[in-house]
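Numbering (this note's numbering), first residue to last: -5 to 283. C-beta atoms are modelled at their ideal positions from N, C-alpha and C, and glycine is treated no differently. None of these values were measured; they are calculated from a predicted model. Data block below; observations after.
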Amino acid sequence: MNLEQVRNIGIVGSGQMGSGIAQVCATAGYSVWLQDVSTRQLEKALSGIRRSLERLASKKVVTDDQAAGAVKNIRVTEKLEDLASCQFVIEAITESPEAKLALFRDLDHACPPEVVLASNTSSIPITKLGAATRRPPLVVGMHFMNPPPLMKLVEVVPGLDTSDQTSALTRALAEKLGKTPVCCVEQPGFIVNRILLPMINEAIYALQEGLASADDIDKAMKLGTNQPMGPLALADLIGLDVCLAILEVMHREIGDPKYRPAPLLRKYVDAGHVGRKSGRGFYRYAAQG
Ligand SMILES: NC(=O)c1ccc[n+]([C@@H]2O[C@H](COP(=O)([O-])OP(=O)(O)OC[C@H]3O[C@@H](n4cnc5c(N)ncnc54)[C@H](O)[C@@H]3O)[C@@H](O)[C@H]2O)c1
């Protein structure tokens, strides 16, 4: 498969990352199948994509025609089999090893054998996902940043058996989508989360120990280190469940106690306060459509 042969892109999972990736692919002119197990989530994803494109058009980041074209390029479905017409599939479902392994087995059966299966996973080994299929050379990590329409970086992560051709195609596709790819070896957290998550975790430990209020921790990190967003607000944006899942994998796989998730993080996740998407995390948010 080469870049010119890729016309239809399948996205599995229409949460905050999947819907954003679908928007990016559709804006670049690709025909997109966006699949999810939840119809309600698919509706929410479509209305979120429309809102986001309207906002980008009003800021002249995209033209009105591009925004209208992008919406038309996206079809949604609950059936995985609909992705059989795609040449490149990007998985962005919940960060659960069991769910992703089962999905890669299903995708392997649903998609023709030459199709590349990429995963947006933040921490699950690509080698394991590849081994769940009959096409390990065509399975690769393609890790977008949140929110995908705004963030320029894509980490391309080959597993043990990923072919050089698959990595090269994934890098080329990222560039075609207007992103800047970096390549890294397969280790939990890749580059960005390996460095970012310990900082977020430390901010949660600091909050738990009463070092300062959430607001002041974020204010200190924003003004003291010139970050656009404080670590607790960023954790809410990423999703506290996603942060916990990434830290758990880093803790388990790297085995260093410095990655131990803060008990307060676990408590928030147990309570269902997982950040912006649930309306409450370290901060409270107005409900979204
Ligand atoms: N949130 C972030 O900041 C971020 C950044 C980079 C990468 N990621 C990764 O992207 C992936 C998705 O994260 P998210 O934040 O979008 O999660 P999310 O919870 O917002 O969305 C997950 C979606 O997957 C759907 N889903 C679950 N099981 C499914 C299945 N078997 N088939 C089809 N759909 C299924 C759910 O219905 C939901 O809509 C995770 O692997 C995460 O690690 C997240």
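Put E85 into one of helix, strand or coil per three-state DSSP. strand
In this structure, what does DSSP give as the bridge partners for A112? I84, V134
What does DSSP give as the partner residues of R246 in its beta bridges? Its beta-bridge partners do not exist; DSSP assigns none.
For I198, collect the residues of the same chain with a Cβ closer than 6 angstroms to its Cβ; drop the 5 residues on either side in sequence, then sort them by chain order. A256, L258, L259
Spell out the partners DSSP gives T174 in its beta bridges. L147
Heavy atom of ligand 1 within 7 angstroms of D210 beta-carbon: no
For a test of your reading of the model: does the CB of F138 fall under 7 angstroms from any non-hydrogen atom of ligand 1? Yes or no. yes
Where does N154 sit, in a helix, a strand or coil, going by DSSP? The sequence given here places Leu at residue 154; Asn does not occur at that position. DSSP places L154 in coil when its eight states are reduced to three.
Report yes if the C-beta distance between D212 and G275 is below 8 angstroms; otherwise report no. no
Let me check you understand the geometry: is the CB of N114 closer than 7 angstroms to at least one non-hydrogen atom of ligand 1? yes
Could you tell me if L144 is buried or exposed, where buried requires 16 or more neighbouring beta carbons within 10 angstroms of its beta carbon? exposed
Please determine whether the Cβ atom of T164 lies at a distance below 7 angstroms from any heavy atom of ligand 1. no
Taking its Cβ as the centre, do 16 or more other Cβ atoms sit within 10 Å of S32, making it buried, or is it exposed? exposed
Quick check on the burial criterion: 16 or more other C-beta atoms within 10 angstroms. Buried or exposed for G172? exposed
Verify the contact flag: G172, CB atom, against every heavy atom of ligand 1, threshold strictly below 7 angstroms. no
Would you call the stretch 39 to 59 in contact with the stretch 83 to 102, where contact means no fewer than 3 C-beta pairs closer than 8 angstroms? no
What are the start and end residues of each continuous alpha helix (DSSP H) run of 4 or more residues lying completely inside the stretch 17 to 83, in chain order? 33 to 52, 58 to 66
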